[in-house]
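**Q** Using the numbering used here, read the sequence shown as starting at 1042 and increasing by one per residue. Just so it is clear, CB atoms sit at the ideal spot from N, CA and C, and this is done for glycine as well. Treat the numbers as computed from the prediction; the structure is a model and nothing was measured.
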Amino acid sequence: RASDGNIEIDTKRPRIADETDRTRWRLLDESGRLTWHYLEDDEAVKEWPQSIADKWYLNLDTDLPELPKPKKPLDAVNNGLAFFEKLQLPSGEWGCEYGGPMFLLPGVVIAWYVTKTPIPWYVATEIKNYLFARANPEDGGWGLHIEGESTVFGTSLNYTVLRLVGVDPEHPVMVKARNTLHKLGTATHAPHWAKFWLSLLGVCKWDIVNPIPPEIWLLPDWVPFAPWRWWIHMRQVFLPMGYLFDKKWTCEETDVIRGLRQELFCEEWDTIDWAGNRNSICSIDNYHPKSMALNMVNWALVNVWSWIRPNFLKTRANDWVSKLIDMEDANTDYADLAPVNAALNTVVCYIRDGAESYSFKRHIERLEDAMWVNAEGMFCNGTNGVQCWDTSFLIQAAVDAGVEQDARWRPMLNKALAFLDDQQIRENCKDQETCYRQQRKGAWAFSTRDQGYAVCDCVSEALKSVILLQKTPGYPQLLDDERIFDAVDTILTYQNKSGACSSYEPTRGSERIEVLNAAEVFGKIMVEYDYVECTTAVVTALSLFKKHWPDHRAEEIEAFVKRSVAWIKTAQQTDGSWYGNWGICYTYATMFALESLKSIGEKYNNSYYSKRGCDYLISRQREDGGWSESYRSCEGMIYTEHPTGSQVVMTAWALIALMHADYPDIEPIKRGIRLIMDRQQANGEWKQEAIEGVFNKSCMISYPNYKFTFTMKALGMFATKYPNETVV
Ligand code: LAN
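1) Return helix, strand or coil for Gly1654, following the three-state DSSP convention.
2) Per DSSP, which residues does Arg1074 bridge with? Please list them.
3) When the Cα atoms are used, what is the spatial distance from Cys1542 to Asp1314?
4) What's the gap between the Cα of Leu1756 and the Cα of Leu1115?
5) Hey, Glu1060 and Asn1170 are a contact pair by Cβ (cut 8 Å); roughly how many whole angstroms apart?
6) Please find out if some non-hydrogen atom of the ligand GTP comes closer than 7 Å to the beta-carbon of Thr1548.
7) Hey, is Ala1379 close to the ligand LAN, as in C-beta under 7 Å from one of its heavy atoms?
8) With DSSP as the reference, label Phe1434 as helix, strand or coil.
9) Going straight from the alpha carbon of Ala1174 to that of Glu1417, what length do you get?
10) Could you tell me the alpha carbon to alpha carbon distance between Arg1467 and Lys1754, rounded to whole angstroms?
11) If we require 4 or more residues per run, which alpha helix (DSSP H) segments fall completely within the region 1698-1724?
12) Would you grab the beta carbon distance between Ser1197 and Leu1305 for me? Rounded to a whole angstrom, and I think it's under 8 Å.
13) Closer than 8 Å is the cut-off here; do at least three beta carbon pairs connect the region 1703-1712 with the region 1105-1113?
14) For a quick check, are the C-beta atoms of Val1602 and Cys1497 less than 8 Å apart?
15) Between Arg1393, Leu1509, Cys1323, Gln1428, which lies nearest to Thr1076 when the distance is taken from Cα to Cα?
16) What's the gap between the Cα of Glu1561 and the Cα of Val1149?
17) For Met1282, count neighbouring Cβ atoms within 10 angstroms of its own Cβ and tell me buried if that reaches 16, exposed if not.
18) Could you tell me if the beta carbon of Pro1142 falls within a distance shorter than 7 Å of some heavy atom in the ligand LAN?
19) Roughly how many angstroms lie between the CA atoms of Arg1054 and Asp1209, to the nearest whole one?
20) Looking at the unbroken alpha helix (DSSP H) that takes in Phe1125, where does it start and where does it end?
21) In terms of alpha-carbon separation, which member of Leu1520, Ile1168, Pro1161, Ala1218 lies closest to Pro1178?
22) Flag this pair as touching only if the region 1757-1765 and the region 1718-1735 have three or more C-beta atom pairs under 8 Å; answer yes or no.
23) Would you check whether the ligand LAN has a heavy atom nearer than 7 Å to the C-beta of Glu1574?
24) Please classify Ser1044: is it buried, with 16 or more other beta-carbons within 10 angstroms of its beta-carbon, or exposed?
25) Just tell me which of Lys1087, Leu1385, Ser1092 has its CA closest to the CA of Tyr1154.
26) I'd like to know whether the C-beta atoms of Asn1382 and Cys1470 end up nearer to each other than 8 Å.
27) If we ignore side chains and look at the alpha-carbon of each, how far apart do Glu1546 and Tyr1079 end up?
28) Can you pull the DSSP bridge partners for Met1215?
29) Taking 7 Å as the line, does the beta carbon of Asn1737 fall inside it for any heavy atom of the ligand LAN?
30) Considering just the uninterrupted stretch of the beta strand (DSSP E) at Gly1734, what are its terminal residues?
31) Taking buried to mean at least 16 other C-beta atoms within 10 Å of its own C-beta, is Asn1119 buried or exposed?
32) Roughly how many whole angstroms lie between the Cα atoms of Ala1582 and Cys1499?
33) Since Trp1340 is in the beta strand (DSSP E), which residue starts that stretch and which ends it?
34) Would Gly1136 and Ala1094 qualify as a contact pair, given that the criterion is a beta-carbon distance under 8 Å?
35) Given this structure, state the Cα-to-Cα distance separating Thr1611 from Ile1151, to the nearest angstrom.
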């Protein structure tokens, strides 16, 4: 143990504390960049008091006053805003934990470990606490995401994390987890990415990793499966993986690593047949089995290509991959697309540029951006935050409630607008074409401008929010027309041939590229697909824009919207619902779909599609007036109720949809509104219920601010639509 109490690599068994003092944690907000700090010094604690938001994130007492009991929905909105205002961060945005996936923290911790980055004792302690709290109560393992059953992926990697931060292998939690891992087939049955990380540590030998040839980046652009056509998350992960795979680099051997070599396997480590286990995988992990074609390609790469591979190609491929990594780092100021490639690029820069290099050190700073602390401990968020996205929805909720003119909320909304003003991306990427990036001038990212990845629905939601506020008398015109046009021009680059929109880029390759899906644990990840939520968000944004600027690219916008709406209609399921890819699930997408239909004037009374959507939702309403959907809907693609009953978030989504469509019967709507009001706490808040979000069909992710933004939106829409209804 080092004298400052931090864990040093190579000490035999660093001691970690039972817990940290929760009153010493602080969230720092630097123009939307959110990082957690632990104040060990008493003076610092006095100088930097804990904010209400800090306390709330950590589940400490916030001492917020009880508010007058709402008499009508608008009172409930005001109470909700009074609470949520307290959570607004200094730059004007809202922050939140964004956990769920259980494969992100291992990347970060392994990157720290292999680069000999000291892990402060308080970080190690809270990571341990988080993983202990999240171990599956039955078998002690970990899954792909917090609600999932134990897998080799989750268990082997999170067990490894615990050992790297200093937990004793004989701790009862570890013994239990290890037993489960052994029952599931040991780390030899881990999926590709886990085998990769374990090989970097030297816990596996590189022979167990299926090939990730950097040469794939030398394919000419016209090749139908060239990587620039892949979904951005896949290509940005395979890029640094290719670099590291080619080097077959491993970190220095330590006692912990020698320990892991025994703990993660049942067999004698020296006798393990690494190459023979390349395709071994536990069936629970194997959500998307590798295709026969991929198995053949892998075979050829190992048995033929590795023998005949010319040196000049190897060098050229590595140089090009290295340049692409530099461009990604430069375009994001080392924040990178998401924590997976951020951790990998960190290791690349360490090996390539050295421990003292700017690139490596900046990466280490940036890895902090995705770390979060809550009452359970410390973990890694899915992205470097949800800032622009949540802030946009809060603004829309306030406008829907008609409180944007209320002097009481003006300072809060002004700050929110100023945040979006600051976070708009003003320039395209440097070397946009060379590094295959999408136009982004005028766009917003999901999290921050620094991260800088435009997503078409994030641009759309932020743009709507800016327009709504700036068109309200008395708000400052922070974004001039040129900047609004920049956003629209970028949105207009997003349409697929089908008429739909995808997430970060229009689809660049065929679904057949899915045969190269090597990750095993996720489905439908290789290319961009048509998404209901993204398409509908774009339609509503363009419709709103057109009302205020009828002359800017009018024909193109009209044609775009027409084609998108036609696609949205074809995407409706036979039962009247829409399938959601990013929220859970049918309720979420149906809300977006009915909102977009309303934006072009199609509602219950005049639209077959809108009517069927409403009827579908009504058929799903529960006895208590609420709606409830489980993440199982996303995996199984059939509406599945959550075992804990109605959820405020899904209830809000369904009500918003019905009100957008002007559903003629107020009674079911009132019953839902009553449920949301009943669940509101005396201080204006709503309590966390089941998880709200999803990606790649199989992985869940939480959106804790939805229980505020969408509930208030539903209540607010009700208040403006039926001003005389009291409900209670
Ligand atoms: C997100 C989060 C936001 C989400 C919406 C904006 C809600 C959606 O409408 C479009 C897609 C997007 C941007 C999205 C894509 C995939 C992300 C980035 C995530 C679900 C958050 C985490 C996830 C990412 C892939 C996690 C890292 C995992 C890998 C497999 C690389």
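**A** Reading it off the structure:
1) Looking at Gly1654 - three-state DSSP - the assignment turns out to be helix.
2) Answer is Glu1071.
3) 46 Å
4) 7 Å
5) 6 Å
6) Because the ligand GTP does not appear in the structure shown, any question about it cannot be addressed here, the ligands present being the ligand LAN.
7) yes
8) helix
9) 6 Å
10) Between Arg1467 and Lys1754, the C-alpha separation is close to 30 Å.
11) 1707-1720
12) 6 Å
13) Touching, no, given that fewer than three Cβ pairs across the two stretches are closer than 8 Å.
14) no
15) Gln1428
16) 21 Å
17) So Met1282 ends up on the buried side.
18) Residue side-chain check: Pro1142 places its Cβ nearer than 7 Å to a non-hydrogen atom of the ligand LAN.
19) Since pLDDT at Arg1054 reaches only 46, below the 50 mark, its modelled position is unreliable, and the value read off the structure follows with that caveat. So the alpha carbons of these two residues sit roughly 7 Å apart.
20) 1114-1126
21) Of the listed residues, the one whose Cα sits closest to Pro1178 is Ala1218.
22) no
23) yes
24) With a pLDDT of 49 at Ser1044, under the threshold of 50, the modelled position of this residue cannot be trusted; read the value that follows with caution. Burial call: exposed.
25) Leu1385
26) no
27) 39 Å
28) According to DSSP, which records beta bridges pairwise, Met1215 is partnered with nothing at all.
29) With a cutoff of 7 Å, Asn1737 counts as near the ligand LAN, since its C-beta is closer than that to a heavy atom of the ligand.
30) 1734-1736
31) By the neighbour-count definition (other C-beta atoms within 10 Å, threshold 16), Asn1119 is a buried residue.
32) Ala1582 and Cys1499: Cα-Cα distance of roughly 10 Å.
33) It is not in any beta strand (DSSP E) - Trp1340 instead sits in the alpha helix (DSSP H) that spans 1333-1341.
34) yes
35) Their Cα atoms are separated by approximately 45 Å.
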